[in-house]
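Residue numbers (this note's numbering): 2 to 254.
Below, the structure is given as structure tokens:
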């Protein structure tokens, strides 16, 4: 029995019609494809947020999953469209830094630059539907990635400039996931600085170890430090945004 291939979708399309169109294209080519929506709620044009999101979610899927990612503010420009083959997965999307953390975390076997000219009827503004979705569907049917363009050196893939102390992601609870990996002692008092705002926090294992509404810094499930509040939104209180700098240090005695 042939194994059904999973195709995941990650976009910044929200509730617009575009994700539905991509699904229609995929299923028209391969009606047996299993499509899973990871999220369509990446903030518009926020490549860093999308890059972090897929680095945390995509590696949890079974081998041979095809991950289709469209956060593409440069659509229609001269940015590359790529297929990345790692030890376990295929990734398809724009080469604009969206695969930054994937490049760092996974072993890359091959990279192909999609020859967009092969898709003569494609729109300049919606390559997710007209190029990336068909490529994902055909790969799920067993087509080889080299059929869609020439292989290129993985070193050519675009990476992001990520400051050592910045905000990578903000979840629905208002928890601020940072790029910081400092070590602190449990119970230690810390100072968090974001812009002109400064708050005191406690380093703890989990939220409930501080009073409701208090700030807590903990090592999140991602391995990075998080700035949170117990049963409240740290992001809303600080006005935090992805990509902005944030600093965490020991509080002055």
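Even for Gly, the Cβ is constructed at its ideal location relative to N, Cα and C. It should be emphasised that the depicted structure is a prediction, and the values quoted were computed from it without experimental measurement.
Per DSSP, residue 188 lies in no alpha helix (DSSP H) and is assigned neither H nor E. Here residue 69 is near residue 93, since their CB atoms are less than 8 Å apart. A straight-line Cα-Cα distance of about 11 Å links residue 228 and residue 174. The residue from 51, 34, 10, 32 with its alpha-carbon nearest to that of residue 172 is 51. Taking C-alpha positions only, residue 137 is separated from residue 27 by approximately 7 Å.
When the five nearest sequence neighbours on each side are left out, the beta carbons in the same chain lying within less than 8 Å of the beta carbon of residue 199 are those of 192, 193, in order along the chain. Secondary structure of residue 49 (DSSP, three-state): helix. The closest CA to that of residue 103, considering only 90, 212, 114, is found on 90. Counted as a single uninterrupted DSSP element, the stretch harbouring residue 26 is not any beta strand (DSSP E) but the alpha helix (DSSP H) occupying residues 19–30. Rounded to whole angstroms, the Cβ separation of residue 114 and residue 151 is 6 Å, and the two are in contact under 8 Å. Per the coordinates, the alpha-carbon of residue 6 lies some 15 Å from the alpha-carbon of residue 86. Residue environment for residue 63: exposed (fewer than 16 other C-beta atoms within 10 angstroms of its C-beta).
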